[in-house]
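Asker: When you read off a place in the sequence shown, starting at 1, and then add 412, the result is the number in my numbering.
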Amino acid sequence: MSQAAKSILLVDDDQEIRELLEAYLSRAGFQVRAVADGAAFRAALLAEESALAILDVMLPDEDGFSLCRWIRSHQRLACMPVMMLTASSDEADRVIGLELGADDYLGKPFSPRELLARIKALLRRAQFTQVRGGEVLAFDDWRLDTVSHRLFHEDGEECFLSGADFALLKLFLDHPRQILDRDTIANATRGREVMPLERIVDMAVSRLRQRLRDTGKPARLIQTVRGSGYLLAAHVRPHLVSHG
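#1: So who's on the other strand from Thr-627, going by DSSP bridges?
#2: Starting from the Cα of Ser-419, find the closest Cα among Glu-428, Ser-438, Asp-425, Glu-431 and give me that residue.
#3: Could you pull out every unbroken beta strand (DSSP E) segment of at least 3 residues lying fully inside the stretch 466-532, listed in chain order?
#4: Measure the C-alpha to C-alpha separation of Arg-530 and Asp-516 and round it to an integer number of angstroms.
#5: Which of the three DSSP states is assigned to Ala-456 in this structure?
#6: Which of the three DSSP states is assigned to Gly-545 in this structure?
#7: Below 8 Å, how does it come out for the stretch 476-486 and the stretch 553-566: are there three or more Cβ pairs, yes or no?
#8: Give the DSSP-derived three-state secondary structure of Ala-550 in the structure shown.
#9: Quick check on the burial criterion: 16 or more other C-beta atoms within 10 angstroms. Buried or exposed for Ser-560?
#10: Determine the DSSP secondary structure at Asp-449, reduced to helix, strand or coil.
#11: Measuring only the C-alpha atoms, how far is Arg-619 from Leu-433?
#12: Buried or exposed, going by whether 16 or more other CB atoms sit within 10 Å of the CB of Ser-659?
#13: Kindly indicate which residue of Gly-641, Ile-634, Ser-640, Gly-639 has the alpha-carbon position closest to the one of His-647.
#14: Assuming Phe-564 is part of the beta strand (DSSP E), what are its boundary residues?
#15: Who pairs with Pro-650 in a beta bridge, going by DSSP?
#16: Which of the three DSSP states, helix, strand or coil, is assigned to Gly-575?
#17: Nearest to Asp-593 by alpha carbon, out of Ala-459, Gly-639, Phe-564?
#18: Which residues in the same chain have their Cβ closer than 6 Å to the Cβ of Val-649, if we skip the five residues on either side of it in sequence?
#19: Taking the beta carbon of Lys-582 as the centre, do at least 16 other beta carbons fall within 10 Å, making it buried, or is it exposed?
#20: For Arg-632 and Pro-524, I'd like the C-alpha separation in whole angstroms.
#21: Rounded to a whole number of angstroms, what is the C-alpha to C-alpha distance between Gly-450 and Val-444?
#22: Could you check the C-alpha separation between Val-637 and Ile-597 for me, to the nearest Å?
#23: Look up Arg-555 in the DSSP assignment and say whether it is helix, strand or coil.
#24: Once you ignore the five residues that flank Glu-511 on each side, which residues in its own chain have a CB closer than 7 Å to its CB?
#25: Cβ of Arg-430 within 8 Å of Cβ of Ala-448?
#26: Can you tell me which of the three DSSP states Leu-421 falls into?
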């Protein structure tokens, strides 16, 4: 893994946690920048991109949710893996974070070893999806560039995908017109679970349907197969892109 792929930007208003994680993750070989509030986080990320962001939910100036939303709406940063931290045990906070496009979620107090394991899993997934060939996959009214993770509608609009969104969409595109059960989807899109598997998968599918404008009742493109899972009801057409 390159040095650039080992860079982490952390925002947490607790100085003790910042210092602990900065020391622990640095010993694990990562280059860590730690800041105390949202404004400093935005400035640091725009000044120098990171391979992964760790967002505390409760911050003095703005919450981690707004930072996650900002990352996902920013074209240059949209594919960056995002880990969220919270002291709240409220499942609603987890749901909000995941719906906004966070790739993983960890409640405080947590084990630094568990955080490290999850960081490595997110970076492995991001690296794997980036090294696949320069292929564009066309389906329905959409085209997905599997290198840049850019998704375009035929009307020209670009849809920004989180790492979890991309992994789930790529899974469906690799298995068109096949029923995928929840275990298969969960294994492909997320590591250790932060809430019941069924809830995680249903939320991920619902978020992807929104990205694909597939919000009809019932959904047209990603169909629910009752008692079995989900199915992409579209023909997938690969097109190789020449990078000269």
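Just so it is clear, CB atoms sit at the ideal spot from N, CA and C, and this is done for glycine as well.
Answerer: Reading off the structure:
#1: Here residue 627 refers to the residue found at position 215 when the sequence shown is read from its first residue. For Thr-627, which the question treats as bridged, DSSP gives no partner whatsoever.
#2: Mapped onto the sequence shown, residue 419 falls at position 7. Residue nearest to Ser-419 within the set Glu-428, Ser-438, Asp-425, Glu-431 is Ser-438 (criterion: CA-CA distance).
#3: As far as the stretch 466-532 is concerned, its whole beta strand (DSSP E) runs of at least 3 residues are 494-498, 516-519.
#4: For the purposes of this step, residue 530 is taken as the residue at position 118 of the sequence shown. For the purposes of this step, residue 516 is taken as the residue at position 104 of the sequence shown. Looking at the two C-alpha atoms, the distance is approximately 8 Å.
#5: Within the sequence shown, numbered from 1, the residue matching residue 456 stands at position 44. Here Ala-456 carries a helix assignment [DSSP, helix/strand/coil].
#6: Taking the sequence shown and counting its residues from 1, the one referred to as residue 545 is at position 133. Per-residue confidence for Gly-545 stands at a pLDDT of 47, beneath the threshold of 50, marking its modelled position as unreliable; no derived number is given.
#7: Contact between the stretch 476-486 and the stretch 553-566 is absent: fewer than three C-beta pairs spanning the two stretches fall below 8 Å.
#8: As a first step, residue 550 must be located in the sequence shown, where it is residue number 138. Ala-550: strand per DSSP, three-state reduction.
#9: For this step, residue 560 is matched to residue 148 along the sequence shown. Residue environment for Ser-560: exposed (fewer than 16 other C-beta atoms within 10 angstroms of its C-beta).
#10: As a working mapping, residue 449 is identified with position 37 in the sequence shown. Note: Asp-449 maps to coil in three-state DSSP.
#11: Here residue 619 refers to the residue found at position 207 when the sequence shown is read from its first residue. Here residue 433 refers to the residue found at position 21 when the sequence shown is read from its first residue. Those two C-alpha atoms are separated by around 31 Å.
#12: This structure cannot speak to residue 659, because the chain is shown only from 413 to 656.
#13: For this step, residue 647 is matched to residue 235 along the sequence shown. Of Gly-641, Ile-634, Ser-640, Gly-639, the residue nearest in Cα terms is Ile-634.
#14: Counted from its first residue, the sequence shown places residue 564 at position 152. According to the DSSP assignment, Phe-564 belongs to the beta strand (DSSP E) that extends over 563-565.
#15: Within the sequence shown, numbered from 1, the residue matching residue 650 stands at position 238. Its beta-bridge partners are Leu-549.
#16: Looking up residue 575 in the sequence shown gives position 163. When DSSP states are grouped into helix, strand and coil, Gly-575 belongs to the helix group.
#17: For the purposes of this step, residue 593 is taken as the residue at position 181 of the sequence shown. The shortest C-alpha separation from Asp-593 is found at Gly-639.
#18: For the purposes of this step, residue 649 is identified with residue 237 of the sequence shown, where counting begins at 1. The sequence given here places Arg at residue 649; Val does not occur at that position. Ala-550, listed in sequence order.
#19: Translated into positions along the sequence shown, residue 582 becomes position 170. It is buried - the Cβ of Lys-582 has at least 16 other Cβ atoms within 10 Å.
#20: Position 220 of the sequence shown, counted from the first residue, corresponds to residue 632. Position 112 of the sequence shown, counted from the first residue, corresponds to residue 524. Spanning the two alpha carbons is a distance of roughly 43 Å.
#21: Translated into the one-based positions of the sequence shown, residue 450 becomes position 38. Translated into the one-based positions of the sequence shown, residue 444 becomes position 32. The straight-line gap from Cα to Cα measures roughly 16 Å.
#22: Within the sequence shown, the letter at position 225 stands for residue 637. Within the sequence shown, the letter at position 185 stands for residue 597. Val-637 and Ile-597: Cα-Cα distance of roughly 14 Å.
#23: The count along the sequence shown starts at 1 and reaches residue 555 at position 143. In this structure, Arg-555 counts as strand in the three-state DSSP scheme.
#24: On the sequence shown, residue 511 is found 99 positions in, with the first residue counted as 1. Taken in chain order, the residues that qualify are Met-615, Arg-619.
#25: As a first step, residue 430 is located in the sequence shown; it is residue number 18 there, counting from the start. As a first step, residue 448 is located in the sequence shown; it is residue number 36 there, counting from the start. With contacts defined by Cβ atoms closer than 8 Å, Arg-430 and Ala-448 form a contacting pair.
#26: Here residue 421 is taken as the residue at index 9 of the sequence shown, counted from 1. Note: Leu-421 maps to strand in three-state DSSP.
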